[in-house]
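Q:
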Amino acid sequence: MAAFLLGAVLLIVQPQIVPSRPAINSKAETSAQSVQRELLKKTSQKNDFKENIHSNGSCRQLPQTIIIGVRKGGTRALLEMLSLHPDIAAAESEVHFFDWEDHYRNGLQWYINQMPFSYPHQITVEKTPAYFTSPKVPERVYNMNQSMRLLLILRDPSERVLSDYTQVFYNHMQKHKPYPSIEQFLIKDGELNVDYKAINRSLYYIHMQNWLKYFPLDHIHIVDGDKLIKDPFPEIEKVERFLKLSPQINASNFYFNKTKGFYCLRDSGRERCLHESKGRAHPQVDTWLLEKLHEYFHEPNKKFFELVGRTFDWHSFVAS
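The sequence shown runs -20 to -1, 1 to 300 under mature numbering (1 follows the signal peptide of the UniProt record, and there is no 0).
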């Protein structure tokens, strides 16, 4: 009986590897299979198997969809909105399996253990915004499941930089630690400090090129984070279609909270908003510095638009 149960669970947790395109050669494919075998060796703990099956018929399984980023692009809002759908089971916390070495060494069973219980008809989703900008992650995700469907939410690169700074600033304030002004990060020797990490995270085309080495563009759905904030329903409709979900989320699930200044959710009569840490006001930045940011991102944005075959309504520097 124990052997039968073990075999059944292996069938449940084993990801379906369906080649999406010849992104790597046969030698690399052999290497990928070897990596996966090594990860699966760590699934030998019988107690882990027992913990992954619930008496109600649900079980923990590898995600079929991952929200890969971007940091401060609206990943939490996207996950919360997507969770309104009854066929979605979402991991509550950021897992950091593919980008943190200590986690990745734990193997796929550890990863499965971080997932929520879900039913066979549900799609399991996890979100870790750092995945998008981590060089090792695309190949690791590909090695696990070549047919993975990925969600990427982006916003105006300049606004994302300011939001990035704002989050770190408030984290320091809560710990009563001083933190430099944003100008001290953005300016170096009188010029824009392009070595500032927050700026690098907004160079979307560089990171997108890395993902496209392993996944075709039709496996990556880009959510417009700026539009999601202003009018969430149309963007969520597009996500439903991408994930081939039945249209269950509707406009009545969203309402604008004037006090908070952004949309909140209404689910089965219950109303809930994102944490108070969301939607914080950005620091005041001089106009000339904002123009420097817009100027710097003009060419990278153009490259990104060409790469994905789509444009976004982001600030674009126009020389006078």
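Positions of the beta carbon are idealized from the N, C-alpha and C atoms, including for glycine. Predicted model only: the values in this text are computed from it and were never measured.
Just to confirm before moving on: does the CB-CB distance between leucine 287 and serine 138 stay below 8 Å?
A: Their beta carbons are not under 8 Å apart, which means leucine 287 does not touch serine 138 by this criterion.
Q: When the Cβ atoms of the segment 73 to 90 are set against those of the segment 106 to 117, are three or more pairs found closer than 8 Å?
A: The segment 73 to 90 is in contact with the segment 106 to 117.
Q: Report the option in Asp67, Leu62, Gln147, Glu275 whose CA atom is closest to the CA atom of isoleucine 133.
A: Nearest option by C-alpha distance: Leu62.
Q: Buried or exposed, going by whether 16 or more other CB atoms sit within 10 Å of the CB of tyrosine 235?
A: Counting Cβ neighbours within 10 Å, tyrosine 235 comes out exposed, since fewer than 16 surround it.
Q: Which residues bound the beta strand (DSSP E) around threonine 45?
A: That run of the beta strand (DSSP E) goes 45 to 49.
Q: Per the DSSP calculation, glutamate 171 is bridged to which residue(s)?
A: Looking at the DSSP assignment, glutamate 171 forms a beta bridge with Lys168.
Q: Applying the criterion that 16 or more other CB atoms from any shown protein chain within 10 Å of the CB defines a buried residue, is lysine 52 buried or exposed?
A: Buried, because 16 or more other Cβ atoms sit within 10 Å of the Cβ of lysine 52.
Q: Just the Cα atoms here: how many angstroms apart are glutamate 275 and arginine 140?
A: Going by the C-alpha atoms only, they are around 15 Å apart.
Q: Would asparagine 125 pass as a contact of leucine 42 if the rule is Cβ separation under 8 Å?
A: Closer than 8 Å, so yes.
Q: Does the beta-carbon distance from isoleucine 162 to valine 265 come in below 8 Å?
A: Yes, the pair counts as a contact, with Cβ atoms nearer than the cut-off.
Q: From what residue to what residue does the beta strand (DSSP E) around lysine 282 run?
A: Note, lysine 282: premise wrong, no beta strand (DSSP E); alpha helix (DSSP H) at 267 to 288.
Q: Helix, strand or coil for serine 38 per DSSP?
A: Coil.
Q: Can you tell me which of the three DSSP states tyrosine 176 falls into?
A: Tyrosine 176 falls in the coil class under three-state DSSP.
Q: For aspartate 82, which of helix, strand or coil comes out of DSSP?
A: Aspartate 82 falls in the helix class under three-state DSSP.
Q: Start and end of the beta strand (DSSP E) containing tyrosine 235?
A: Tyrosine 235 -> beta strand (DSSP E) spans 234 to 237.
Q: Where proline 212 and glycine 249 are concerned, what is the direct C-alpha to C-alpha distance, given to the nearest angstrom?
A: Taking the straight line joining both Cα atoms gives about 19 Å.
Q: Can you list, in chain order, the residues of its chain with a C-beta nearer than 8 Å to that of valine 298? Leave out the 5 residues immediately preceding and following it.
A: Below a pLDDT of 50, predicted positions are generally treated as unreliable, and valine 298, at 43, falls in that range; no measurement from the model is reported.
Q: Mapping the DSSP letters down to three states, classify aspartate 136 as helix, strand or coil.
A: It is coil, neither helix nor strand.
Q: Determine the burial state of glutamine 89: buried for a count of at least 16 other Cβ atoms within 10 Å of its Cβ, exposed for fewer.
A: Label assigned to glutamine 89: buried.
Q: Can you give me the start and stop residues for the beta strand (DSSP E) that tyrosine 122 sits inside?
A: No beta strand (DSSP E) holds tyrosine 122; the alpha helix (DSSP H) holding it covers 117 to 124.
Q: Can you tell me the Cα-Cα spacing of histidine 262 and serine 143, whole angstroms?
A: Looking at the two C-alpha atoms, the distance is approximately 6 Å.
Q: Determine the direct distance from the alpha carbon of serine 226 to that of serine 182, and round the result to whole angstroms.
A: So the two alpha carbons sit approximately 33 Å from each other.
Q: For glutamine 13 and leucine 192, I'd like the C-alpha separation in whole angstroms.
A: Note on glutamine 13: pLDDT 46, under 50, position unreliable in the model; no value is reported.
Q: Assign valine 117 to buried or exposed, taking buried as 16 or more other Cβ atoms, counted over all protein chains shown, within 10 Å of its Cβ.
A: Valine 117 should be labelled buried.
Q: Using the rule of at least 16 other Cβ atoms within 10 Å of the residue's Cβ for burial, across every protein chain shown, is serine 98 buried or exposed?
A: Answer is buried; the Cβ neighbour count reaches 16.
Q: Could you say which of Asn93, Lys224, Gly205 lies nearest to histidine 199 if we only look at CA atoms?
A: Taking only the C-alpha atoms, the option nearest histidine 199 is Lys224.
Q: In whole angstroms, what is the alpha-carbon distance linking lysine 210 and serine 38?
A: About 36 Å.
Q: Cα separation between histidine 34 and arginine 40?
A: Near 9 Å, if we compare the C-alpha coordinates of arginine 40 and histidine 34.
Q: From the DSSP output, which residues share a beta bridge with histidine 187?
A: Answer is none; histidine 187 lacks a bridge partner.
Q: Based on Cα-Cα distance, which residue from Met95, Pro115, Gly241 lies nearest to tryptophan 80?
A: For tryptophan 80, the nearest C-alpha among the options comes from Pro115.
Q: Measure from the alpha carbon of isoleucine 103 to the alpha carbon of each residue in Gln94, Ile46, Phe78, then state which is nearest.
A: Looking at the Cα atoms, Ile46 is the closest of the given residues.
Q: Tell me the rounded alpha-carbon separation between histidine 65 and aspartate 136.
A: C-alpha separation (whole angstroms): 27 Å.
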